[in-house]
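In my numbering, the protein residues as written are 91 to 383. Where a beta carbon is used, it is the ideal one built from N, C-alpha and C, also for glycine. Since this is a predicted model, take the numbers as computed values, not measurements. The structure appears right after this line, and notes come after that.
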Amino acid sequence: MLTRQKVVLMLLDQLGGTVRRIELVKLAFLLRHETVFRDAHTFYDFVPYKFGPFSFALYRELQALERDGYVTDNEESFSLRGATRHLAHEKAEELPWLDQCAVKTVVSTYGRMGKDLLVKDVYSRYPWFATRSELRHLVPAQLPPVARADLAVYTVGYEGRSVDGFLDHLLRSGMQAILDVRANPISRKYGFAKRSLSEIAEKLGLAYHHLPELGIPSEQRGGLDDFDSYQRLLERYQNEMLPRQTTEIDRLIRLLHQRPSVLVCVEKDVRQCHRGRLAQAASAKSDLPIIHL
């Protein structure tokens, strides 16, 4: 079991076994931002959503904990199952001492505030995460403006990011559409396969378009073991593959002119990703500047 899942079980245990959904998410958010978990790259990230900070990954793992017999979803709340509560307690005790202290501190500080006070406190101190809230009576009078970026050829790679952290980055950057330029949009990492990424993006108001013809087919990607091998592949992509995709490049440019949109692929380093060469081609044809997020 992952450390962050043990943290969720400890939160539930420390709060008496049953917690409202919205309160559990906000307490996990505070753990992320105000304790040792702020430096834990494997802990949950959050994105502004209907009721403030939200983690799609957290909800997915709560479903996994329910499937494994630890948690019951009661529509409005999550509960530890009585038959396995002792097992949940044992899992929580496996956490490092500092992690356990962090959970106890957050519970003692915020755990008895009640839903509205807790949400209002989080919104007041982290107003970015209130920008999409439907709980208007709890939203501060002054919120940071929701950015809309200037038109450009934006690119980004999701390597090393969670889906929540990745999409939060796009929203903060003023993006309004994802242009997925992977030839084969599958991923073992939650949230980045085509279906899940498009569904989560839609919930956050981001358009999603898949342009597979502008990717590099899997069979072309063999033997990539160093920087030079990537450059040889990217030269072939630029000089041989892209010239055959004029129709799709024209479609890409139309999308880039409609709203702030970002070319999305895997690699963190744009120098080792075809999106960099694709951005050059799109920029030359559209006169839009290139910005790597």
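Here DSSP, grouped into helix, strand and coil, assigns I276 to coil.
Comparing C-alpha distances from S214 to each of R326, L287, K116 and R344 shows the shortest one belongs to K116. Annotated three-state conformation of V229 is coil, per DSSP. Under the three-state reduction of DSSP output, I112 falls in the helix class. Selection Y327, R349 and G142 evaluated against H364 yields Y327 as nearest (Cα-Cα). D211 sits away from F136, with the two beta carbons spaced by 8 angstroms or more. At a Cβ-Cβ threshold of 8 angstroms, L208 and E292 do not count as neighbours. I276 counts as exposed, since fewer than 16 other beta carbons sit within 10 angstroms of its beta carbon. Secondary structure at Y160: coil, using DSSP grouped into helix, strand and coil.
Two segments are said to touch when three or more pairs of C-beta atoms, one from each, lie closer than 8 angstroms; by this definition the segment 120-138 does not touch the segment 155-175.
DSSP lists V109 and D163 as the bridge partner or partners of F168.
Every beta strand (DSSP E) of 3 residues or more that sits fully in the segment 240-318 is shown, in chain order, as 243-247, 267-270 and 297-300. With contacts defined by Cβ atoms closer than 8 angstroms, V243 and P379 form a contacting pair.
G281 has its alpha-carbon roughly 15 angstroms from the corresponding atom of N274.
Listed as beta-bridge partners of G142 by DSSP are Y139.
Judged by DSSP secondary structure, L378 falls outside any alpha helix (DSSP H); it is assigned neither H nor E. Following the DSSP letters along the chain, one finds S198 inside the alpha helix (DSSP H) bounded by residues W187 to Y200. S351 is bridged by DSSP to A267. A check of alpha carbon separations from F141 across L225, L269, I306 and H300 identifies L225 as the nearest. R171 is the residue among R171, L148, A147 and F146 whose C-alpha sits nearest the C-alpha of D158. Under the DSSP assignment, T93 falls in the alpha helix (DSSP H) whose first and last residues are T93 to Q104. The Cβ neighbour count for K358, taken over all protein chains shown within 10 Å, is under 16; the residue is labelled exposed.
The residue from A178, I343 and F146 with its alpha-carbon nearest to that of L155 is A178. Nearest C-alpha to H123 among T195, D316, Q104 and D103: T195. In this structure, L346 lies near S376, with their beta-carbon atoms less than 8 angstroms apart.
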